[in-house]
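Numbered per full-length UniProt numbering, the sequence shown spans residues 1 to 673. Ideal placement from N, C-alpha and C gives every residue a C-beta, glycine not left out. None of these values were measured; they are calculated from a predicted model.
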Amino acid sequence: CNYTAHFLAARGVGSPVPRLFEALEANTIVNSLPPRLQASNIFLLFCLKKMKNQIIFGCTPITWRPPVVGWEKINVDASFNKDKVFNGLGIVIRDHLNVFGAARGSTCRVASAEEGKALAVMEGILWARKRGIPRVNIETGAEAISLFCENGAANVFWTTKAILQDCMNLFSSFVDICISYVPRSATFVMACTTISIPLSNVRVIRQFDCQNYLCLKPTTSQRFVSVSNGCKLGWRRGLSVRAMGDGQEAKLKKLGLSDEECEASVVAGNIPETPPVPPVAASPAGTPVDSSLPLNRRPRRNRRSPVLRASFQETSLTPANFVYPLFIHEGEEDTPIGAMPGCYRLGWRHGLIEEVAKARDVGVNSIVLFPKVPDALKSPVGEEAYNENGLVPRAIRLLKDKFPDLIIYTDVALDPYNSDGHDGIVREDGIIMNDETVHQLCKQAVAQARAGADVVSPSDMMDGRVGGIRQALDAEGFQHVSIMSYTAKYASAFYGPFREALESNPRFGDKKTYQMNPANYREALVELRADEAEGADILLVKPGLPYLDVVRLLRDNSPLPIAAYQVSGEYSMIKAGGVLKMIDEEKVMMESLCVYDGPVLTLFSHICSTSWQMFMRREEIRIKRDFYIVQPSKYILTYIIIYLAFCLKRKRFSPKLQYITYISIILFYSNPF
1 CNYTAHFLAA RGVGSPVPRL FEALEANTIV NSLPPRLQAS NIFLLFCLKK MKNQIIFGCT
61 PITWRPPVVG WEKINVDASF NKDKVFNGLG IVIRDHLNVF GAARGSTCRV ASAEEGKALA
121 VMEGILWARK RGIPRVNIET GAEAISLFCE NGAANVFWTT KAILQDCMNL FSSFVDICIS
181 YVPRSATFVM ACTTISIPLS NVRVIRQFDC QNYLCLKPTT SQRFVSVSNG CKLGWRRGLS
241 VRAMGDGQEA KLKKLGLSDE ECEASVVAGN IPETPPVPPV AASPAGTPVD SSLPLNRRPR
301 RNRRSPVLRA SFQETSLTPA NFVYPLFIHE GEEDTPIGAM PGCYRLGWRH GLIEEVAKAR
361 DVGVNSIVLF PKVPDALKSP VGEEAYNENG LVPRAIRLLK DKFPDLIIYT DVALDPYNSD
421 GHDGIVREDG IIMNDETVHQ LCKQAVAQAR AGADVVSPSD MMDGRVGGIR QALDAEGFQH
481 VSIMSYTAKY ASAFYGPFRE ALESNPRFGD KKTYQMNPAN YREALVELRA DEAEGADILL
541 VKPGLPYLDV VRLLRDNSPL PIAAYQVSGE YSMIKAGGVL KMIDEEKVMM ESLCVYDGPV
601 LTLFSHICST SWQMFMRREE IRIKRDFYIV QPSKYILTYI IIYLAFCLKR KRFSPKLQYI
661 TYISIILFYS NPF
C-alpha cells in the first residue's frame with residue numbers, strides 16, 4: 001500500500017494497481033502479465049515482491065495486524081511528489097482472516113504531504129461507504145491525522161482540518177469505524193522509481209462528494225481569500241475549506257441525528273434496538289430443583305472467569321488490574337468533557353465500542369459505565385434507573401454481544417436519574433430517605449444484572465444497601481453477579497470534574513449526610529464490618545490517592561479484594577500540571593499508578609488506557625533495543641568466546657592471559673547477559 005502510493009506519485013495516472021496486487025497475491029511471475037504491463041511495471045512488481053518477502057533495504061517490515069472479527073481493515077497511504085506538486089494514493093482492503101479483498105490507487109494535486117495523507121483517509125472512507133462495509137478499521141501512516149480524528153488534539157493545517165472534518169462527518173454512515181496509526185516507510189523504493197519520470201498531465205483534483213470540501217470558488221468569497229492569504233491556490237478550482245463564504249449555509253449539516261435529536265427520540269419512546277438478552281443456560285436432565293442456598297459469601301464469584309481471576313491476582317499490578325471508567329450518553333457523537341482533557345462522553349453505539357476496543361488492545365478488559373441521562377427522563381424517585389431499555393442496559397447488551405469476555409462493572413446509584421441530583425430519594429424537608437432508596441437500588445441492580453453486568457457497584461452510601469442488593473440478586477437467580485461496595489466513599493472535593501461530565505451536581509445542599517467525613521479514619525472499619533456481613537465481594541476506597549492510609553487499613557483488616565478509585569480530580573490535576581509545564585505529565589501519571597501497587601488489587605482510573613499505551617511504547621522500544629543491539633552483541637560475544645577457547649586449546653596465550661580467558665568463559669556461561 002505504501003509503495004503503491006509512492007509509485008503513483010511518480011508515475012501518474014493509469015497505473016494498473018489492482019492487476020499488480022492480484023499478481024502479487026497469487027505470486028505470479030512477471031512473464032505471466034500482459035506485455036503492456038511488463039513494459040511499464042516490471043520494476044514495480046519486482047519491488048512489491050521484494051517488499052512482501054521483507055528483503056529490500058530501507059523498508060520497515062510491519063506485521064499486518066488483523067482487525068476485530070467481523071471488521072474489515074483498509075490500509076491507506078499517500079506519497080507527495082514535491083517537485084511535481086502531485087499526490088499518489090494507495091488503498092488495500094483485507095478482512096479479519098487476512099483475505100485480500102481489493103486494491104486501488106488514485107492521483108490528485110495537493111499543496112502538501114499532510115493534505116495528501118488526509119485525502120487518502122477520505123478516499124478510504126468513501127470507498128468503504130460505496131462498497132457497503134459496515135465495520136471498518138482505517139489504518140494510516142500519519143499519526144497527526146489519526147490523533148485528530150480520535151480526539152481533535154493534533155495540530156494540522158487548516159485545509160487538512162477541513163478534509164478530516166468531512167471524514168468525521170462520514171463516520172455515522174458506518175456501524176463501527178476507527179482510524180488507527182501504524183508507521184511504515186518505503187523511501188528506498190520510491191527513490192528508485194522517481195528517477196527520470198515525466199510530469200503527469202492531471203490538472204485538477206477529483207470531485208469529492210463531501211459537504212465541507214467543495215463550495216464556492218476562492219475568488220468569489222472574500223472571507224476565504226483573506227484566510228488563504230499567502231497560499232498558491234490558482235490551480236485548485238472548486239477547492240475550499242470550512243471558512244464560510246457568501247451563498248453558503250450558516251450551519252453545516254451533519255450526517256445522522258444530533259445529540260439533542262437522539263435524546264428527544266429516546267424520551268419520546270423510540271428506543272434503539274440492541275441485541276436481546278442471552279437465554280439462561282439449561283441444566284442437565286435430573287438436576288434437583290431446589291431453592292438457592294442463603295449464602296451472603298460466595299468466593300467463587302471472584303473466580304468464575306480468567307479476567308476476574310487476573311483482576312484479583314495478589315502479586316502484581318498489570319493492565320488486567322485496571323477498570324476503565326467510561327462516560328456514555330444517548331447521542332451519536334463523542335462530546336469532550338471540558339474539565340477532563342482527553343475524556344469524552346461517548347456515543348453508546350459507536351464511540352463506546354471503539355474506546356473499549358482500544359482499551360482491550362493494551363490489555364485493559366474491565367470497564368465501568370457512567371450514564372449521562374437526559375433531563376426529561378429524570379424524576380424525584382429515579383424510575384429510569386431500572387428501565388430495562390434504558391441507556392446502561394442497552395450499552396451492556398451491545399458490549400456483551402461484541403465482546404463476550406469483557407467484564408462490565410455498573411454504578412448503582414440514583415444521582416444520574418434523580419431530578420434533585422442526589423444519590424437517594426429526597427423528602428420535602430431535604431432529608432435523604434434511606435430504606436426507600438435501597439428499594440429502588442435493588443431494582444436497578446437486578447435490571448443491570450439481567451442485561452449482562454458482571455459486577456454491580458453500589459456507590460450511594462445508603463445503610464444496608466449491600467445486603468438488600470445481595471438478596472434481590474439471589475432471588476432473581478443472579479448468584480454469580482458480584483457486588484463491589486463503595487465501602488469508604490468520602491464526601492470529597494475531588495469529584496467535581498466527574499459530576500460535570502454527567503451533569504449530576506446536587507440541585508441543593510451537599511452529600512455529607514450519607515458520604516463519609518474526610519476527617520474520619522477509623523469510621524472505615526464500621527463500613528467494612530457491615531459490608532462484609534451483608535455479602536460484599538470487593539471493597540472500594542474512593543478517592544484513592546488522598547486516602548492510601550484507609551486503603552492499607554482495609555487491606556490489613558479484611559481478606560476481601562481491595563479496589564481504589566483514582567478519581568476525576570486526581571486525573572484533571574495531572575493533566576492541568578502537564579499543560580502548564582509545571583510537571584512531567586507522563587512521569588507523574590506513571591508514578592501516581594505505582595503507589596497503588598501492593599495493597600490494591602483493582603484500580604479504577606481515567607488514565608489507564610493512556611498510561612498503558614505509554615507502557616506499550618516503552619515495551620516496543622525495549623524489544624527493538626534487544627533485537628538490534630542486545631541480540632547481535634550476544635552473537636558477537638559468543639564468537640569471541642569460541643575463538644578464545646580455540647586459542648587456549650592451541651596454547652597461544654601467556655599463562656596470565658589464559659587465566660583471564662578462563663574466568664571470562666566461566667562468567668559468560670554462568671550468566672550470559
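query: When burial is assigned at 16 or more other CB atoms within 10 Å of the CB, is residue 507 buried or exposed?; result: exposed
query: Classify residue 380: buried if its beta carbon has 16 or more other beta carbons within 10 angstroms, exposed otherwise.; result: exposed
query: If you drop the 5 nearest sequence neighbours on each side, which residues of the same chain put their C-beta closer than 8 Å to that of residue 55?; result: The pLDDT assigned to residue 55 is 43, lower than 50, so where the model puts this residue is not dependable; a value taken from the coordinates is nonetheless given after this. Counting only Cβ-Cβ distances below 8 Å, and skipping sequence neighbours, we find nothing.
query: Measure the CB-CB distance between residue 414 and residue 385 and report whether it falls below 7 Å.; result: yes
query: Is it the case that the segment 560-567 contacts the segment 332-343, given that we only count it when at least three CB pairs across the two stretches are under 8 Å?; result: no
query: Nearest to residue 162 by CA position, among 115, 444 and 368, is which residue?; result: 115
query: Rounding to the nearest angstrom, what Cα-Cα distance links residue 545 and residue 287 in this structure?; result: 49 Å
query: What is the DSSP secondary structure of residue 470, counted as helix, strand or coil?; result: helix
query: For the beta strand (DSSP E) holding residue 371, just list the boundary residues, first then last.; result: 366-371
query: Among 539, 69, 583 and 573, whose alpha-carbon lies nearest the alpha-carbon of residue 312?; result: 539
query: Rounding to the nearest angstrom, what Cα-Cα distance links residue 17 and residue 98 in this structure?; result: Since pLDDT at residue 17 reaches only 43, below the 50 mark, its modelled position is unreliable, and the value read off the structure follows with that caveat. So the two alpha carbons sit approximately 19 Å from each other.
query: Among the residues of its own chain, which have a CB less than 7 Å from the CB of residue 389, if the five just before and after it don't count?; result: 271
query: Report all residues from its chain with a CB closer than 7 Å to the CB of residue 716; omit the five preceding and five following residues, and keep chain order.; result: Residue numbering for the chain in the displayed model covers 1 to 673; residue 716 lies beyond these limits and cannot be assessed.
query: If you draw a straight line from the alpha carbon of residue 35 to that of residue 106, how long is it in whole angstroms?; result: A caution first: residue 35 carries a pLDDT of 49, below 50, which makes its placement in the model unreliable, though a value can still be read off. Looking at the two C-alpha atoms, the distance is approximately 23 Å.
query: Beta-carbon separation of residue 125 and residue 167 under 7 Å?; result: yes
query: Could you please give me the residues that DSSP links to residue 542 through a beta bridge?; result: 489
query: According to the Cβ coordinates, are residue 438 and residue 476 closer than 7 Å?; result: no
query: For the segment 515-579, list the alpha helix (DSSP H) runs that are entirely contained and at least 4 residues long, ordered along the chain.; result: 523-534, 548-557 and 568-579
query: Within this structure, are the beta carbons of residue 537 and residue 301 separated by less than 7 Å?; result: yes
query: Three-state secondary structure (DSSP) at residue 149?; result: helix
query: Would you mind sorting residue 74 into buried or exposed? The rule is 16 or more other CB atoms within 10 Å of its CB.; result: buried
query: Name the residue from 509, 498, 502 and 547 whose alpha carbon lies nearest to the alpha carbon of residue 490.; result: 547
query: Taking residue 174 as the reference, which of 486, 260, 72 and 443 has the closest Cα?; result: 72
query: With a threshold of 8 Å on Cβ separation, who are the neighbours of residue 180 within its own chain once the five nearest residues in sequence on each side are excluded?; result: 137, 138, 139, 140 and 146
query: Given a cut-off of 7 Å on the beta-carbon distance, is the pair residue 531 and residue 485 in contact?; result: yes
query: DSSP three-state call for residue 335: helix, strand or coil?; result: strand
query: Buried or exposed for residue 41, please, with buried defined as at least 16 other CB atoms from any protein chain shown within 10 angstroms of its CB.; result: Low local confidence applies: a pLDDT of 47 at residue 41 is under 50, so the model's placement there is unreliable, with the coordinate-based value given in what follows. Buried.
query: Can you tell me whether DSSP reads residue 139 as helix, strand or coil?; result: strand
query: In this structure, how does DSSP classify residue 660 when only helix, strand and coil are distinguished?; result: helix
query: Quick one: is residue 681 buried, meaning 16 or more other Cβ sit within 10 Å of its Cβ, or exposed?; result: Since the first residue shown for the chain is 1 and the last is 673, residue 681 is missing from the structure and cannot be characterised.
query: Are at least three pairs of beta-carbons, each pair with one atom in the segment 354-372 and one in the segment 406-425, less than 8 Å apart?; result: yes
query: Can you tell me the Cα-Cα spacing of residue 345 and residue 326, whole angstroms?; result: 8 Å
query: CA-CA distance, residue 466 and residue 454?; result: 16 Å
query: By alpha-carbon positions, which one of 541, 427 and 510 ends up nearest to residue 524?; result: 541
query: By how many angstroms is the C-alpha of residue 337 removed from the C-alpha of residue 177?; result: 22 Å
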